[in-house]
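>
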Amino acid sequence: MWRNIASNAITLIVIGLFLIGGVMTLLKAEYYKTGPLTEAICLKVEPGSSMQKISVYLRDKGAVRSKELFNIGADYTDRSGRLKAGSFLIPAGASMAEIADQITTSGRNTCGTEVVYRVGVTRSTVLVRELDPVLNSYAEVARFTPAEDTAPEAYLRVIDQGDTRIRLAIAEGTTSWQVVEALKAIDILTGDIAQIPAEGTLAPDSYEIKAGDLRQDLLARMLQAQERRLAEVWAQRRDITPVETMEELLILASIIEKETGVADERFTVASVFANRLEKGMPLQTDPTVIYGVTLGKGPLGRGLRKSELRKDTPWNTYVNRGLPPTPIANPGLASLQAALKPAETDFIFFVADGTGGHAFAVTLKEHNRNVAAWRKIEASR
7 MWRNIASNAI TLIVIGLFLI GGVMTLLKAE YYKTGPLTEA ICLKVEPGSS MQKISVYLRD
67 KGAVRSKELF NIGADYTDRS GRLKAGSFLI PAGASMAEIA DQITTSGRNT CGTEVVYRVG
127 VTRSTVLVRE LDPVLNSYAE VARFTPAEDT APEAYLRVID QGDTRIRLAI AEGTTSWQVV
187 EALKAIDILT GDIAQIPAEG TLAPDSYEIK AGDLRQDLLA RMLQAQERRL AEVWAQRRDI
247 TPVETMEELL ILASIIEKET GVADERFTVA SVFANRLEKG MPLQTDPTVI YGVTLGKGPL
307 GRGLRKSELR KDTPWNTYVN RGLPPTPIAN PGLASLQAAL KPAETDFIFF VADGTGGHAF
367 AVTLKEHNRN VAAWRKIEAS R
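Residue numbers for the sequence shown follow the numbering used here, beginning at 7 and rising by one.
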C-alpha cells in the first residue's frame, strides 16, 4: 500500500514538474517574443524610478502585454536592480527582454532632447534638437553661435537635465587650435588644457560628453582615436604608396582634407599630389600657403595675396617642393585612406569647377582651359 502511495506521489511530482517547466517555457517565450508596440516611443526614466513603476507605464502605452510578466522577467534575468535614469528609444515591436536590456545597460540617452556642440572649419555652433520617436528623426529647436549669440532659453532649459544627450561633433579639416578654443568655450566642460596637441593628431568624429567632463580627458580621447585610425590605415600600405612614414601620411591626408569637401573626389585629388610628388613637382596647393599665414588659428577669411604666395614659409608649397613639415589640419578617415591609396590617374592639375568639385587635367593646356572656365564663373558671381 505505501509503495503504491509513494509511486503515485512521485508520478504526481513528475507531472507537476513537467507542468511547471511547460509554464516557464511559455512565459519565457512570451518575454522574448515580438511586443505589441505599433509605433516607437520615448521612455523617460526618472532618477529613483522602480521597475514596477516603469512596467505600469509600458503597459499603459501598449509596449508590453503584461506588467507582471515584465517584472518577473526582469527579476529572473537580474535586471530589476540595474535600472538607469535617462530617455530611451523603444522601437515598434520591441520585446520585453529588449526593453529591459535597453533601460538597464548603458544609461546612454537614445531619444528626447539632444545638444550638439559643432566645431566647424569656419565657426562653432550649438544645436538643440528633439527626436521624433515615430519618424526617428530630429527636429531643430534652437541654434546659436556661442562667440556671437546669447544662449537661448531652449538651450538653458535642457542643458542641465539629466536625460539630455550631449555630443561634441568635430568636423574634418578643423585645426587643433580651433578644437582647443572650442573646448574652452563649452561651459559644461571643466579643467584647463595643458597645451595644444600637434596638428593632425585629433580625430574628427562625434563624441558623447556630459557635464563636468575634463577638457584634457576629451582631448586624450581624440588623440587615441586618431592614433588607432592612423595605425589601421597604415597597416594597409602597399609598395606604390606615395608616402614613406605615418607622419607623411598624416601630412598628405590633411592637405587632401583641405582641398576638397566632396567625398568622391578625395582619391582623385590624392592622385594629383601623388603624381606631383613622383615627378618632383611642387604641390602648389593654396591651403598649405594659408596655413603658413594663419598657423591654423582660424580661417583666413579672404583670398590669398600674391605676396603671400611668394613668401617663403615652411608650408608654402609653391616655393618649396615636397610635403610641408607638418599637417595643416586634422584629417578624417576617408582622407587618410585616400592619401595611402590614391586613384590611378595621370592628372597633375585641378581647379574648382563651380559645382563644389574640381576639374582635373593632365596637360597644362587642358588646365588653362579649366582655369578660364572657372574665372568666368567667378566673374558671373
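All residues carry an ideal CB built from backbone N, CA and C; glycine is no exception.
Just how far apart, CA to CA, sit Val357 and Phe94?
Working through the sequence shown from its first residue, we reach residue 357 at position 351. Working through the sequence shown from its first residue, we reach residue 94 at position 88. Val357 and Phe94: Cα-Cα distance of roughly 48 Å.
> Looking only at C-alpha atoms, which of Pro97, Glu250, Pro333 sits nearest to Gly179?
Locating residue 179 in the sequence shown gives position 173, counting from the first residue. Of the listed residues, the one whose Cα sits closest to Gly179 is Pro333.
> Taking 8 Å as the cut-off, does the region 262 to 281 touch the region 339 to 349 (at least 3 CB pairs, one atom from each stretch)?
These segments touch.
> Between Glu146 and the rest of its own chain, which residues show a CB-CB distance below 7 Å, the 5 nearest in sequence each way excluded?
Residue 146 sits at position 140 when you count from the first residue of the sequence shown. Around Glu146: Leu133, Arg135.
> Please name the residue, chosen from Glu250, Asp223, Phe353, Gly298, that lies closest to Lys285 on a Cα-to-Cα basis.
Translated into the one-based positions of the sequence shown, residue 285 becomes position 279. Taking only the C-alpha atoms, the option nearest Lys285 is Phe353.
> Just to confirm my understanding: we take Pro248, look at its own chain, exclude 5 residues before and 5 after, and list those with CB closer than 6 Å. What are they?
Taking the first residue of the sequence shown as position 1, residue 248 is located at position 242. Contacts found: Ala280, Leu283.
> How would you call Asn1, buried or exposed, if buried means at least 16 neighbouring beta carbons within 10 angstroms?
Residue coverage of the chain in this structure runs from 7 to 387, which leaves residue 1 outside it and unanswerable.
> Go ahead and pull the three-state DSSP assignment for Ala46.
On the sequence shown, residue 46 is found 40 positions in, with the first residue counted as 1. Note: Ala46 maps to coil in three-state DSSP.
> Which word fits Asp169, buried or exposed, when buried means at least 16 other C-beta atoms lie within 10 angstroms of its C-beta?
For the purposes of this step, residue 169 is taken as residue 163 along the sequence shown, with counting starting at 1. Label assigned to Asp169: buried.
> Looking only at C-alpha atoms, which of Trp380, Ser56, Pro330 sits nearest to Ser3?
Because the chain is modelled from 7 through 387, residue 3 falls outside the range shown and cannot be assessed.
> How many Å lie between Ser101 and Phe76 at the Cα?
Counted from its first residue, the sequence shown places residue 101 at position 95. Counted from its first residue, the sequence shown places residue 76 at position 70. Taking the straight line joining both Cα atoms gives about 10 Å.
> Quick one: using the 10 Å Cβ neighbour count with 16 as the cut-off for buried, is Tyr37 buried or exposed?
Within the sequence shown, numbered from 1, the residue matching residue 37 stands at position 31. When all chains shown are included, Tyr37 counts as buried.
> DSSP on Tyr324, reduced to helix/strand/coil?
Locating residue 324 in the sequence shown gives position 318, where the first residue counts as 1. Correct three-state label for Tyr324: coil.
> Look at Ser130 and Ala191 and say whether their C-beta atoms are less than 8 Å apart.
As a position in the sequence shown, residue 130 is number 124, starting the count at 1. As a position in the sequence shown, residue 191 is number 185, starting the count at 1. It is a contact, given that the beta carbons lie within the stated cut-off.
> In angstroms with no decimal places, state the Cα-to-Cα distance between Val20 and Gln58.
The residue given as residue 20 occupies position 14 in the sequence shown. The residue given as residue 58 occupies position 52 in the sequence shown. Here Val20 scores only 48 on pLDDT, less than 50, and its place in the model should not be relied on; the value that follows carries that caveat. Between Val20 and Gln58, the C-alpha separation is close to 34 Å.
> First and last residue of the alpha helix (DSSP H) that includes Ile215?
Walking along the sequence shown from the start, residue 215 turns up at place 209. Taken as a continuous stretch (DSSP letters only), Ile215 belongs to no alpha helix (DSSP H), being part of the beta strand (DSSP E) at 212 to 215.
> If I measure Cβ to Cβ from Met252 and keep anything under 7 Å in the same chain, skipping five residues before and after, which residues do I get?
For the purposes of this step, residue 252 is identified with residue 246 of the sequence shown, where counting begins at 1. So the qualifying residues of the chain are Leu236, Trp240.
> At which residues does the alpha helix (DSSP H) containing Gly298 begin and terminate?
Within the sequence shown, residue 298 is the residue found at index 292, counting from 1. Residues 292 to 300.
> Between the alpha carbons of Ala12 and Ile78, how many angstroms are there, rounded?
Within the sequence shown, numbered from 1, the residue matching residue 12 stands at position 6. Within the sequence shown, numbered from 1, the residue matching residue 78 stands at position 72. Model confidence at Ala12 stands at a pLDDT of 49, short of 50, so the residue's coordinates are unreliable and nothing is read from them.
> Cutting at 8 Å between CB atoms, please list the residues of its own chain near Arg149, excluding the five before and the five after it.
Here residue 149 refers to the residue found at position 143 when the sequence shown is read from its first residue. For Arg149, where only same-chain residues beyond five positions count, the Cβ hits under 8 Å are Thr131, Val132, Leu133, Val134.
> Alpha carbon to alpha carbon, how far is Ala177 from Arg124? Give it in angstroms, no decimals.
In the sequence shown, the residue the question calls residue 124 occupies position 118. In the sequence shown, the residue the question calls residue 177 occupies position 171. Spanning the two alpha carbons is a distance of roughly 8 Å.
> So the candidates are Val121, Val122, Ala98, Thr151; which of them puts its Cα closest to the Cα of Leu141?
Translated into positions along the sequence shown, residue 141 becomes position 135. Here the closest residue by C-alpha is Ala98.
> Looking at the unbroken alpha helix (DSSP H) that takes in Asp223, where does it start and where does it end?
Here residue 223 corresponds to residue number 217 of the sequence shown, with the count starting at 1. Unbroken alpha helix (DSSP H) run through Asp223: 221 to 240.
> Does the separation of the CB atoms of Glu263 and Pro158 fall below 8 Å?
Taking the sequence shown and counting its residues from 1, one reaches residue 263 at position 257. Taking the sequence shown and counting its residues from 1, one reaches residue 158 at position 152. Not a contact, by the Cβ cut-off of 8 Å.
> Check Ile279 in the structure and name its three-state DSSP category.
By 1-based counting over the sequence shown, the position of residue 279 is 273. Note that residue 279 corresponds to Phe in the displayed sequence, not to Ile. Helix.
> Going by beta-carbon coordinates alone, are Gly206 and Gln222 separated by less than 8 Å?
The count along the sequence shown starts at 1 and reaches residue 206 at position 200. The count along the sequence shown starts at 1 and reaches residue 222 at position 216. Not a contact, by the Cβ cut-off of 8 Å.
> For Ile47, I'd like the list of residues in its chain whose CB is within less than 7 Å of its CB, leaving aside the five on either flank, ordered along the chain.
In the sequence shown, residue 47 corresponds to position 41, counting from 1. Closer than 7 Å at Cβ, skipping near neighbours: Lys67, Ala69, Ile96, Pro139.
> Kindly indicate which three-state DSSP category Thr131 falls into: helix, strand or coil?
Against the sequence shown, residue 131 aligns to sequence position 125. If DSSP states are grouped into helix, strand and coil, Thr131 belongs with the strands.
> Rounded to whole angstroms, how far is the Cβ of Glu250 from the Cβ of Arg114, which I believe are closer than 8 Å?
Mapped onto the sequence shown, residue 250 falls at position 244. Mapped onto the sequence shown, residue 114 falls at position 108. Not really, about 42 Å apart at Cβ, beyond 8 Å.
> Measure the CB-CB distance between Tyr324 and Pro293 and report whether it falls below 8 Å.
One-based indexing of the sequence shown puts residue 324 at position 318. One-based indexing of the sequence shown puts residue 293 at position 287. No, they are not a contact pair.
> Go ahead and label Ala2 buried or exposed: buried means 16 or more other beta carbons lie within 10 angstroms of its beta carbon, across all protein chains shown.
Residue 2 lies beyond the range of the chain shown here (7 to 387); nothing can be said about it.
> Terminal residues of the continuous alpha helix (DSSP H) containing Glu162?
Taking the first residue of the sequence shown as position 1, residue 162 is located at position 156. It is worth fixing the name first, because residue 162 is Leu in this sequence and not Glu. Segment 159 to 164, the alpha helix (DSSP H) holding Leu162.
> By the 10 Å Cβ neighbour count, where 16 or more other Cβ atoms means buried, how is Thr110 classified, buried or exposed?
Residue numbering aside, residue 110 sits at position 104 when the sequence shown is read from its first letter. Buried.
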